[in-house]
Amino acid sequence: AADNAAGVACLLELANYWTRSGLRPKRTIRFVSYAAEEEGLIGSLFDVFLRAPLVKARCRGVVTPDVVGAPVGKLTINGFPTMLAELGAQVANDMGYTDATGYETAAPAGPEYADHWPYARIKLPALVISKGPDPYLHTPFDTADRLDYTDLRWTAALTGALTLRLAQR
């Protein structure tokens, strides 16, 4: 559930909300969720490397909610380049959340563990929002009844705020 149904739910809720609100940012926002991340980032690698010239020309940044709503752990924002992680921290602070409340910001993008990474590899700004360590990650116990829905709502709001900030550049 935290990996990765909750991340997909964040994207679906944001897409639904923005469609109903009539929001029209400066740049197009593309909502994408890839399958087979645990099998080697197959979907995101396919998108980036099959369409690299188009992606590089049109994409201004990638925001990936992955392992969100986990019942324990800290929310981390890992970004490439560092300025994107700093933007994540700034947006979180603007929303009233700071390291003192248990949210930390880390950079750079890190190992190839989430679908933001293929974009970072071609030098596009990319970040992943995660919460952990999640004791139920990749187990049959990663179920919806174990999610922290308050945290999930906050993560969706942060994902939306970061996405809008990038889309308005």
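In case it helps, the numbering used here puts the sequence shown at residues -6 to 162. Glycine included, every Cβ here is placed at the ideal spot set by N, Cα and C. Remember, it's a predicted structure, so these values are computed and weren't measured experimentally.
Excluding the 5 residues flanking residue i on each side, which residues of the same chain have their C-beta closer than 8 Å to its C-beta?
| i | result |
| --- | --- |
| L140 | A(-6), A(-5), A(-1), G62, A63 and P64 |
| V41 | V48, P111, Y112, R114 and I115 |
| A45 | I115 |
Give me, in chain order, the residues of the same chain whose beta-carbon lies closer than 6 Å to that of residue i; leave out the 5 immediate sequence neighbours on both sides.
| i | result |
| --- | --- |
| Y27 | G36, S37 and D108 |
Between which two residues does the beta strand (DSSP E) carrying residue i extend?
| i | result |
| --- | --- |
| K67 | K67 to F73 |
| L130 | From DSSP, L130 is part of no beta strand (DSSP E); its letter is neither H nor E. |
| T57 | V55 to P58 |
With a threshold of 16 other CB atoms inside 10 Å of the CB of residue i, please say whether the residue is buried or exposed.
| i | result |
| --- | --- |
| I115 | exposed |
| G15 | exposed |
| N(-3) | buried |
| D87 | exposed |
| T152 | buried |
| A50 | exposed |
| P118 | buried |
| E30 | buried |
| F39 | exposed |
| T156 | buried |
Can you name the start and end residues of the alpha helix (DSSP H) that residue i belongs to?
| i | result |
| --- | --- |
| S26 | Careful: S26 lies outside any alpha helix (DSSP H) and carries neither H nor E. |
| P111 | W110 to R114 |
| A50 | A45 to R51 |
| A119 | Unbroken run through A119 is the beta strand (DSSP E), A119 to G125; no alpha helix (DSSP H). |
| T156 | Y142 to A160 |
| R13 | A(-2) to S14 |
Going by Cα to Cα distance, which pick from the options is closest to residue i?
| i | options | result |
| --- | --- | --- |
| L5 | R17, P18 and F24 | F24 |
| A160 | Y112, L117 and R53 | R53 |
| L34 | A154, Y106 and R162 | Y106 |
| Y129 | A150, L155, G66 and D144 | G66 |
Inter-stretch contact at 8 Å, needing at least 3 Cβ pairs: the stretch 76 to 85 / the stretch 133 to 142: Result no; under three Cβ-Cβ pairs closer than 8 Å.
Stretch-stretch touch, CB-based, cutoff 8 Å, three pairs: the stretch 120 to 127 with the stretch 54 to 61: Judged by Cβ distances under 8 Å, the stretch 120 to 127 makes contact with the stretch 54 to 61, as three or more pairs qualify.
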